[in-house]
Structures are given as C-alpha cells and as structure tokens.
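Structure first, commentary second.
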Amino acid sequence: MEPDIPKDHKAGYAAIIGKPNAGKSTLMNAMLGTKLSIITNKPQTTRNRVVGIFSDENAQVIFLDTPGLIDPRYGLQESMMRAVNRARNDADVIIHLIDGSRLPDVDLEMKYMSEVDIPSILVINKTDLVDRDRIEACKKMYTSRKEYVEVLETSALQGVGLTEVMEAIKKRIPLSPPYYPKDQLSEHPERFFIAEMIREQLFLQFRQEIPYSCAINIVDYSEEEEIDHIQAEIVVDRKSQKGMLIGKGGQALKKLGTAARQEIEAFLDKQVNLQLFVKVREKWRDKPGFLRSYGYE
Ligand SMILES: Nc1nc2c(ncn2[C@@H]2O[C@H](COP(=O)(O)OP(=O)(O)OP(=O)(O)O)[C@@H](O)[C@H]2O)c(=O)[nH]1
Ligand SMILES: [Mg+2]
Numbered sequence: 001m002e003p004d005i006p007k008d009h010k011a012g013y014a015a016i017i018g019k020p021n022a023g024k025s026t027l028m029n030a031m032l033g034t035k036l037s038i039i040t041n042k043p044q045t046t047r048n049r050v051v052g053i054f055s056d057e058n059a060q061v062i063f064l065d066t067p068g069l070i071d072p073r074y075g076l077q078e079s080m081m082r083a084v085n086r087a088r089n090d091a092d093v094i095i096h097l098i099d100g101s102r103l104p105d106v107d108l109e110m111k112y113m114s115e116v117d118i119p120s121i122l123v124i125n126k127t128d129l130v131d132r133d134r135i136e137a138c139k140k141m142y143t144s145r146k147e148y149v150e151v152l153e154t155s156a157l158q159g160v161g162l163t164e165v166m167e168a169i170k171k172r173i174p175l176s177p178p179y180y181p182k183d184q185l186s187e188h189p190e191r192f193f194i195a196e197m198i199r200e201q202l203f204l205q206f207r208q209e210i211p212y213s214c215a216i217n218i219v220d221y222s223e224e225e226e227i228d229h230i231q232a233e234i235v236v237d238r239k240s241q242k243g244m245l246i247g248k249g250g251q252a253l254k255k256l257g258t259a260a261r262q263e264i265e266a267f268l269d270k271q272v273n274l275q276l277f278v279k280v281r282e283k284w285r286d287k288p289g290f291l292r293s294y295g296y297e
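By my numbering, the letter at position 254 of the sequence shown is numbered 254, and the numbering carries on one by one without gaps.
Put into structure tokens, the structure is as follows:
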C-alpha cells in the first residue's frame, strides 16, 4: 500500500440504475464535478456502462452510470441491458434513481430492483420540479415495494442533495485501498468519449429515430503537436437516413461536425480537425458483429 493511504481508507463501486431519462448521467457528472457522461433530454441516451471515479483523501467511489431500464426490443437494447447487469454485478451499493416529476409506472424497474440483493439507496431526483406532497408520495410508493437502506432526494441539475448521496455511499463501501490512482477520472480510452460527444450532438440536433439508429466509429486518430486529426463514421441502419444526416448541400452534417468538434476541443484542450462520414450498415442494431465493433458488448 502507498504510504499516504490512511488505514481506514474505503473503496467500492456504486451503480446508478433507473429508468431512461431519470437523470443518472447528470447525477454521476454532478458527483464527479466533471462532464463525463453525455446528457440529453431524450430517453436512452446512455448505451454503455460508463465509469466515473471519485477520489478524496479517505475514499474512492467508482460510479457506474448505466443505460435506462427498458424491455429490450432489438440487439442494441439487449446489449444496453447487459451493461446494466454488469454494473449491478459489480456494485457494492446501488443508487436507484427516480425522476420524481414523472407519472409513476414502476412495474419494470421494480421487477428489476426486487431481484437485486445489493444494498440499495432510493434517490428521488428532479425535486426542483415538484412539490413536497409529490416527493413524499413517490417515496411511499417505492418503499412499499422494496426495502432500501436509505431514502434521499436530489436535484442533480442544481447540485442539491449530493453530499448526502456521497455520505450514504461511503457508509456502504468496504475498507480497501483505492483501485485506481487518485487522479484518474475514468477508465475508458479517449476515443470512447470522443465518439460519445458526437453521439450527443446527434441526439441534440436530430429528431425521432435518427439518434437511435446511429453508432459512431472512430476510424482514424492521429496527433500532431498543435492539432489532432480525427476521422469518424456515423453508422446508420437504413439507407434513407443517410440523406437526412447529410442534409441539403451537406448543411446538417456540417452543423453536427462543428458542434461536436467544439466539444471535443474543450475536452482535449487542443485544436481538432474532425472529419465525419456517413456509412450505411443495414440493421446494424441487430447484428452481433457490428454491435461488438461499435463498442456494444
Ligand atoms: N429539472 C431537472 N432536470 C434534470 C435533473 N437531472 C437531470 N435532469 C434532466 O433530465 C434529462 C435527462 O438527464 P440524463 O442525465 O441524460 O438522464 P439519464 O437517466 O442518464 O438518461 P438515459 O441515459 O437516457 O437513461 C436532461 O435533460 C437533464 O438535464 C434535475 O435534477 N432536475
Ligand atoms: Mg444517461
């Protein structure tokens, strides 16, 4: 053990699980104080288990952001649910995150959560949008269906209630030296985050099925001292989507590329030359080989 690690140091995994759009990625980013996981106002934004590492002097909490719980209807969604299961299997503690502002349809998530025997903390999020009665009713409904070790409230967006969540997690992770160096924030390669930033722009700039039909594949990445050159494919699963993505005179793709490049430059703190190509891979979302090669196990 490194000499500066205190004897009572704790370390463990906290999986954030809940329905699509509950604010899981927002919460993880808020806990880390960094934008790591992409966030949009559309459900099913997150597709992988995204690791975010929080460290202070006495503890290391490895957050696992996950895709929203759904009933999978195609291969990609099945892969997304496997990502949730992997996070659940690794977790020392689970944050079951609820969108307190939504009309409750709890069956799917309670079916999932009732089979989980890992200590679970119920967190009602988006408290900035609802009144006290609603929050209390929400708590009552969930706690009547499962035993939680703690019940908390947050507004992940406004940064309210985060200290309490952190304390509740720290109470339930084991004594252990850190798993990662204390200055490490994640374990995914840079390419993963770059692809995610492009995907985030797809969600922000396109409507309906387009964002759900796309994957991002970084095909080339070369570094110069002053600038990074990145080539990425936007993979669509139907021919007709290609034209929509490119737009009239290439305008839509250009707008997407500019916005994504700016995000990537801020992330890398470096100038970037981003080239985007659109590629059709019929029904990639149901083909195991494609899914794997685009990072969906
Ligand atoms: N008002 C309010 N909005 C929030 C809060 N937390 C998250 N949001 C918003 O809710 C939307 C979804 O947030 P995400 O963090 O992407 O939700 P998610 O649970 O990760 O969603 P998926 O990845 O699709 O499962 C975004 O528009 C967020 O800005 C909150 O505390 N209050
Ligand atoms: Mg998310």
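Every residue gets a Cβ at the ideal spot worked out from N, C-alpha and C, and that includes glycine.
The structure presented is a predicted model; accordingly, all values stated were derived computationally and were not measured.
- With a cut-off of 7 Å, the C-beta of residue 129 is classified as near ligand 1, since at least one heavy atom of the ligand falls inside that distance.
- Relative to the Cα of residue 9, the nearest Cα in the group 171, 206, 186 belongs to 171.
- Take residue 173, set aside five residues on each side of it, and the residues of its chain with a beta-carbon closer than 8 Å to its own are 10, 11, 12, 13, 14, 59, 61, 92, 93, in chain order.
- If you look at residue 152, you'll find it in the beta strand (DSSP E) that goes 150 to 153.
- Beta bridge pairing from DSSP links residue 187 with no other residue.
- Under the three-state reduction of DSSP, residue 68 is assigned to coil, being neither helix nor strand.
- The three-state reading of DSSP puts residue 167 in helix, counting H, G and I together.
- Here the alpha carbons of residue 218 and residue 54 stand approximately 28 Å from one another.
- Classified as exposed, residue 207 has fewer than 16 neighbouring CB atoms from the shown chains inside 10 Å of its CB.
- Sequence-distant partners of residue 35 (beyond 5 residues in either direction) whose C-beta falls short of 7 Å from its own C-beta, in its chain, are 29.
- With 16 or more other Cβ atoms inside 10 Å of its own Cβ, residue 125 counts as buried.
- Residue 52 sits in a strand when the DSSP states are folded into three classes.
- For residue 120, DSSP records a beta bridge to 94.
- Residue environment for residue 237: buried (at least 16 other C-beta atoms within 10 angstroms of its C-beta).
- Comparing alpha-carbon positions, the option among 187, 72, 290, 95 lying closest to residue 52 turns out to be 187.
- By the 16-neighbour rule on beta-carbons within 10 angstroms, residue 19 is buried.
- Within the same chain, Cβ atoms closer than 7 Å to the Cβ of residue 135 are found at 100, 124, 127, 153, the five residues on either side in sequence being excluded.
- Distances taken from the Cβ of residue 211 to the heavy atoms of ligand 1 include none shorter than 7 Å.
- Excluding the 5 residues flanking it on each side, residue 184 has same chain C-beta neighbours closer than 7 Å at 53, in chain order.
- Taken in chain order, the whole alpha helix (DSSP H) runs of length 4 or more contained in the segment 217 to 248 are 239 to 246.
- Setting aside the 5 residues that flank it on each side, residue 177 is surrounded in the same chain by 1, 5, 9, 11, each with a C-beta closer than 7 Å to its C-beta; the list follows chain order.
- A straight line joining the alpha-carbon of residue 204 with that of residue 150 spans about 35 Å.
- Rounded to whole angstroms, the gap between the alpha carbons of residue 182 and residue 7 is 16 Å.
- With distances taken between CA atoms, residue 213 lies nearest to 278 out of 64, 68, 278, 103.
- When rounded, the separation of the alpha-carbon atoms in residue 113 and residue 146 is 8 Å.
- For residue 24, the CB contacts under 6 Å within the same chain, skipping 5 residues up- and downstream, are 16, 18, 65, 97 in chain order.
- Note on residue 159: under 16 other CB atoms within 10 angstroms of its CB, so exposed under the neighbour-count rule.
- Here residue 17 carries a strand assignment [DSSP, helix/strand/coil].
- The Cβ atoms of residue 230 and residue 194 sit closer than 8 Å to each other.
- Annotated three-state conformation of residue 161 is coil, per DSSP.
- 8 Å or more divides the Cβ of residue 232 from the Cβ of residue 284.
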